[in-house]
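Okay, structure first, notes after.
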């Protein structure tokens with residue numbers, strides 16, 4: 762699986778800076794081509810580092826008025842909840858930028874089935890308006906158990922072929938989840954961030970296990986590695 766689109770880094774600082782540079786590069790390319798840049802964020806400690814670095818070192822390098830922000834997944838919690846992926850991005854990125862083009866959050870405070878349907882409708886409308894069928898950049902992490910987004914090992918949501926957005930049938934770590942489907946993730950441009958040796962081994966060396974992360978295709982994929 763390792764190829765010319767895999768980037769090895771030797772320190773957290775280099776890892777985060779290269780990730781931000783790739784975001785800036787894709788933003789410029791997408792805005793030049795289609796006047797918009799659709800950026801899909803995820804939650805967790807590592808994305809938080811990216812948000813902070815974007816503000817510290819790259820804020821002026823992106824035309825934020827043409828950036829539309831979406832989320833890869835969300836826990837079914839209110840937007841001000843400590844475990845909300847939206848809340849994390851708002852505190853460390855969105856609130857520090859004056860002129861973001863659009864913010865399309867997953868409404869985790871609603872009934873999960875209703876929120877997932879509403880988010881899918883928003884995505885459909887956005888794609889139709891801008892005549893696209895994929896996102897320009899997904900910041901994609903993976904779990905120690907091989908899950909990606911909120912698609913967990915053994916869950917039926919991994920097999921969804923029609924929907925752009927899925928709602929988990931059961932709770933994981935105390936919450937139901939709403940997630941982009943593998944179908945949409947695989948159509949879109951994405952940067953997979955691998956930040957430790959165990960994740961590296963799982964992704965590159967244990968592919969016979971067929972974890973959800975192994976369902977991510979090489980198409981439009983770059984991998985940023987810190988080991």
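Numbering (this note's numbering), first residue to last: 762 to 988.
Cβ coordinates follow ideal geometry from the N, Cα and C atoms, glycine included.
Keep in mind the model is a prediction, meaning the values are calculated, not measured.
Can you give the Cα-Cα distance for residue i and residue j, rounded to whole angstroms?
| i | j | result |
| --- | --- | --- |
| residue 860 | residue 966 | 43 Å |
| residue 847 | residue 835 | 8 Å |
| residue 980 | residue 945 | 12 Å |
| residue 933 | residue 915 | 12 Å |
| residue 961 | residue 902 | 12 Å |
| residue 969 | residue 929 | 25 Å |
| residue 821 | residue 881 | 31 Å |
| residue 795 | residue 935 | 40 Å |
| residue 941 | residue 874 | 13 Å |
| residue 850 | residue 900 | 12 Å |
| residue 869 | residue 909 | 18 Å |
| residue 898 | residue 950 | 5 Å |
| residue 911 | residue 939 | 7 Å |
| residue 863 | residue 931 | 31 Å |
| residue 771 | residue 779 | 11 Å |
| residue 871 | residue 844 | 15 Å |
Apart from the five residues just before and just after residue i, which ones in its own chain have a Cβ nearer than 8 Å to its Cβ?
| i | result |
| --- | --- |
| residue 959 | 905 |
| residue 955 | 903, 961, 964, 984, 985, 986, 987 and 988 |
| residue 884 | 831, 865, 925, 926 and 945 |
How close, in whole Å, do the beta carbons of residue i and residue j come, if the pair is a contact with beta carbons under 8 Å?
| i | j | result |
| --- | --- | --- |
| residue 783 | residue 952 | 6 Å |
| residue 973 | residue 896 | About 18 Å; that fails the 8 Å criterion. |
| residue 768 | residue 985 | 5 Å |
| residue 957 | residue 988 | 7 Å |
| residue 813 | residue 842 | With a Cβ gap of about 20 Å, residue 813 and residue 842 do not count as contacting. |
According to DSSP, residue i sits in a beta bridge with which residue or residues?
| i | result |
| --- | --- |
| residue 794 | None, per the DSSP bridge assignment. |
| residue 898 | 800 |
| residue 770 | 987 |
| residue 817 | Paired residue(s): none; residue 817 is not in a bridge. |
| residue 958 | Answer by DSSP bridge pairing: none, since residue 958 is not bridged. |
| residue 863 | 829 |
| residue 912 | 909 |
Could you name the residues of the same chain whose beta carbon sits closer than 6 Å to that of residue i, not counting the 5 residues immediately before and after it, in chain order?
| i | result |
| --- | --- |
| residue 825 | 858, 860 and 861 |
| residue 810 | 777 |
Considering only residues of the same chain and omitting the five flanking positions on each side of residue i, which have a CB-CB separation below 7 Å?
| i | result |
| --- | --- |
| residue 832 | 801, 802, 846, 847, 866 and 867 |
| residue 817 | none |
| residue 819 | 781 and 785 |
| residue 948 | 894 and 895 |
| residue 828 | 788, 798, 800, 861 and 862 |
My output table needs one value for residue i: the three-state DSSP class, helix, strand or coil.
| i | result |
| --- | --- |
| residue 929 | coil |
| residue 946 | helix |
| residue 907 | coil |
| residue 978 | coil |
| residue 828 | strand |
| residue 953 | strand |
| residue 810 | helix |
| residue 854 | coil |
| residue 836 | strand |
| residue 784 | helix |
| residue 891 | helix |
| residue 940 | strand |
| residue 967 | coil |
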